[in-house]
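Data first, discussion second: the structure below is written as structure tokens.
Residue numbers (our numbering): 23 to 96.
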């Protein structure tokens with residue numbers, strides 16, 4: 023069976039095709055590339071310690087300050 027041509031699609035089929043392609047492209051561009059991956063035990067423990075420190079009133083650094091120190095535009 024030959025591949026269908028765009029010219030052979032109805033307007034509704036063409037709209038559905040474009041919608042599908044746009045959604046797929048957005049997911050590729052904006053999706054989480056780490057989705058489904060697991061954290062290493064050491065990193066998970068460090069993250070838990072960091073969160074506990076913040077919850078206990080520990081100091082945090084605003085992201086703008088960190089970005090400026092690293093020469094990044096935020």
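We treat Cβ as the ideally placed atom computed from N, Cα and C, and that holds for glycine.
What first and last residue would you give for the alpha helix (DSSP H) that runs through residue i?
{"i": "residue 52", "result": "33-52"}
{"i": "residue 89", "result": "85-91"}
Are residue i and residue j touching if we call contact CB-CB under 7 Å?
{"i": "residue 88", "j": "residue 82", "result": "no"}
Problem set entry | alpha helix (DSSP H) runs contained entirely in the region 56-83, provided each spans 4 or more residues | 63-77
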